[in-house]
Amino acid sequence: MSNEEKREERAERFNKRIKLDLNYGSLNEEQFQGAQKAAKNLPKPVAVLSEEYTRINLDTVPVYVAELKDPKLASKCIRELKEFFPLNNLQHLKRIRRPPTDAGGKQVLQIILRIVSEDQLKFSKNNIINIKDIIHGVNSEGLGNPFVIKVPRYPPLTREQFNKASELWPVNFHEDKYITKLLSGELFGDLALRKIYKYMDMARKSALIGKNNGMVAIGTVVVDPSSDIVIAVAYDLRCHGHPLHHAIMVVIDLVAQSQTGGTWNMGYQQDSGTWTLPENLNDIKIKKAKCQLDCEETSKEDTSKSKVVEDSNKTNKNPENKFMNENKNGPYLCTGYDLYVTREPCIMCSMALVHSRIRRVFYGCKDPSVGALGSKYRLHTQDGLNHHFEVFCGILEKECSELIE
């Protein structure tokens with residue numbers, strides 16, 4: 012099964028699970044149809060892809076082209092040109108095209124001879140081009156006078172890019188159906204869409220709790236989509252305890268607490284199994300957990316370190332917690348989880364999401380000044396990273412923007 016098929020199968024399973032999660036089974040047919048109709052009116056999440064998928068302007072490169080007077084020579088010409096003048100960086104181009112018929116109704120073929128260098132381009136502007144000077148070593152029999160045209164520099168990755176590129180020259184295009192669904196907003200079904208808005212609204216309400224406590228109004232939620240369990244809910248605490256306590260940093264630490272880890276130990280576990288912060292800021296006691304990397308502990312003898320780690324594990328571990336992941340061979344931090352946040356993450360939080368192995372990120376409004384997942388940067392699309400995740404924006408965008416205003 013290809014990666015594309017796996018993604019589509021995962022999205023289909025996700026959509027089926029929504030109906031049960033939102034308790035639609037208790038609705039009659041009329042109520043269920045009403046819920047579906049309401050979902051159709053919800054704005055679709057906008058996928059934040061790398062710029063190569065979203066570029067509008069078509070970059071071009073000049074090439075020499077000539078008419079092929081005898082179509083029977085096409086195969087021979089292509090074979091010789093590929094050998095002597097391969098289009099190494101332009102493999103997406105078809106070597107021959109059939110342009111529109113001329114005024115006399117005559118149809119001819121045109122063939123790309125070679126890429127034009129800068130020096131050749133300057134010379135071609137003011138001089139008549141001799142085809143033998145351009146393709147020396149290749150039999151020019153049956154070829155007309157060469158001329159320069161511009162062709163697409165990059166292979167098309169979307170249907171829109173393909174249509175624009177084809178206006179200049181025929182190109183090869185293998186459509187990625189998953190990317191097409193991302194761009195068209197068709198990835199999520201109506202019921203899945205309602206679930207996405209449900210979790211974003213949960214993040215918005217968490218942001219309001221923080222705002223009422225004088226904090227920066229940003230809220231976030233981490234969900235395990237495989238079981239539809241909300242793992243953790245948090246709001247921003249950078250103005251309370253430490254400047255690094257952004258909402259995402261806090262919620263990742265809560266996820267770590269759910270796995271018998273964590274550093275700050277600021278939250279508590281609800282009866283539902285969700286880890287969250289107290290609604291009253293005064294109830295938040297920031298305690299740095301003992302660990303092997305504590306500055307005070309590292310100054311002691313190595314023999315005492317194992318005892319510190321053991322004591323830390325005993326302190327954090329709750330044997331009565333049925334929701335806690337005690338399987339040390341299980342997922343690492345946020346592996347397979349989805350994160351919902353009211354405002355676009357900064358670089359620090361985005362890198363934290365990379366290191367915690369998040370699966371997908373949904374955010375409400377953009378942050379033009381420091382946003383690292385679409386506005387200022389697109390960190391999640393960098394090739395050098397050892398983990399990548401999908402990003403969607405525009406969920407409850409107006410409501411999330413009003414939180415900051």
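For my numbering, add 11 to where a residue sits in the sequence shown, where the first one is 1.
Every residue, glycine too, gets a C-beta built ideally from N, C-alpha and C.
State buried or exposed for Q268, treating a residue as buried only when at least 16 other CB atoms are found within 10 Å of its CB.
Numbered from its first residue, the sequence shown carries residue 268 at position 257. With 16 or more other Cβ atoms within 10 Å, it is buried.
Report yes if the C-beta distance between I142 and A77 is below 8 Å; otherwise report no.
Along the sequence shown, one-based indexing puts residue 142 at 131. Along the sequence shown, one-based indexing puts residue 77 at 66. Yes; because the gap between Cβ atoms is below 8 Å, this pair is in contact.
Can you check which of these residues, Q102, M277 and S283, is closest to N291 by C-alpha distance?
Reading the sequence shown from its first residue, position 280 is the one you call residue 291. Among Q102, M277 and S283, the Cα nearest to that of N291 is on M277.
Distance CB(I229)-CB(P56) smaller than 8 Å:
As a working note, residue 229 is residue 218 in the sequence shown. As a working note, residue 56 is residue 45 in the sequence shown. In this structure, I229 sits away from P56, with a CB-CB distance that is not shorter than 8 Å.
Note down the Cα distance separating I406 from I140, rounded to an integer number of angstroms.
Along the sequence shown, read from residue 1 onward, the residue named residue 406 stands at position 395. Along the sequence shown, read from residue 1 onward, the residue named residue 140 stands at position 129. Spanning the two alpha carbons is a distance of roughly 57 Å.
Within the continuous alpha helix (DSSP H) that includes A176, where are the two ends?
Sequence index remark: in the sequence shown, residue 176 carries index 165 (1-based). R170 to S177 is the extent of the alpha helix (DSSP H) around A176.
Would you call the stretch 351 to 365 in contact with the stretch 386 to 401, where contact means no fewer than 3 C-beta pairs closer than 8 Å?
yes
Three-state class that DSSP yields for D378 in the structure shown
Sequence index remark: in the sequence shown, residue 378 carries index 367 (1-based). DSSP places D378 in coil when its eight states are reduced to three.
Can you tell me where the alpha helix (DSSP H) holding V159 begins and where it ends?
What you label residue 159 is simply residue 148 of the sequence shown in a count that begins at 1. Where V159 is concerned, there is no enclosing alpha helix (DSSP H), although the beta strand (DSSP E) it sits in stretches over F158 to P163.
In the DSSP output, which residue or residues are listed as bridge partners for P167?
Position 156 of the sequence shown, counted from the start, is the residue given in the question as residue 167. None, per the DSSP bridge assignment.
How would you write the range of the alpha helix (DSSP H) that G385 sits in, first residue to last?
Start at 1 with the first residue of the sequence shown, and residue 385 comes out as number 374. No alpha helix (DSSP H) contains G385, which DSSP labels as neither H nor E.
Comparing alpha-carbon positions, which option in L255, Q281 and D282 lies nearest W275?
The count along the sequence shown starts at 1 and reaches residue 275 at position 264. Of the listed residues, the one whose Cα sits closest to W275 is L255.
Residue environment, F95, which counts as buried when at least 16 other CB atoms sit within 10 Å
The sequence position of residue 95 within the sequence shown is 84, counting from 1. Exposed.
Rounded C-alpha distance that separates D81 from L154
Sequence index remark: in the sequence shown, residue 81 carries index 70 (1-based). Sequence index remark: in the sequence shown, residue 154 carries index 143 (1-based). A straight-line Cα-Cα distance of about 8 Å links D81 and L154.
Using the beta-carbon count (16 or more within 10 Å), is T346 buried or exposed?
The residue labelled residue 346 in the question sits at position 335 within the sequence shown. With fewer than 16 Cβ atoms within 10 Å of its Cβ, T346 is classed as exposed.
From E152 to L79, what does the alpha carbon distance come to, in whole angstroms?
What you label residue 152 is simply residue 141 of the sequence shown in a count that begins at 1. What you label residue 79 is simply residue 68 of the sequence shown in a count that begins at 1. Straight-line Cα distance between these residues: approximately 9 Å.
Looking only at its own chain, which residues have a Cβ that is under 8 Å from the Cβ of L396, when we skip the five neighbours before and after it?
Position 385 of the sequence shown holds residue 396. Shown here for L396: same chain residues with a beta carbon closer than 8 Å to its own, the five before and five after excluded, namely V365 and L390 in chain order.
Span of the alpha helix (DSSP H), counted from its first residue to its last, around A203:
Numbered from its first residue, the sequence shown carries residue 203 at position 192. Its alpha helix (DSSP H) spans residues D201 to N223.
N34 - DSSP class collapsed to helix/strand/coil
Taking the sequence shown and counting its residues from 1, the one referred to as residue 34 is at position 23. Low per-residue confidence applies at N34: pLDDT is 46, beneath 50, and the placement is therefore not dependable, though the value from the model is reported in the following sentence. In this structure, N34 counts as coil in the three-state DSSP scheme.
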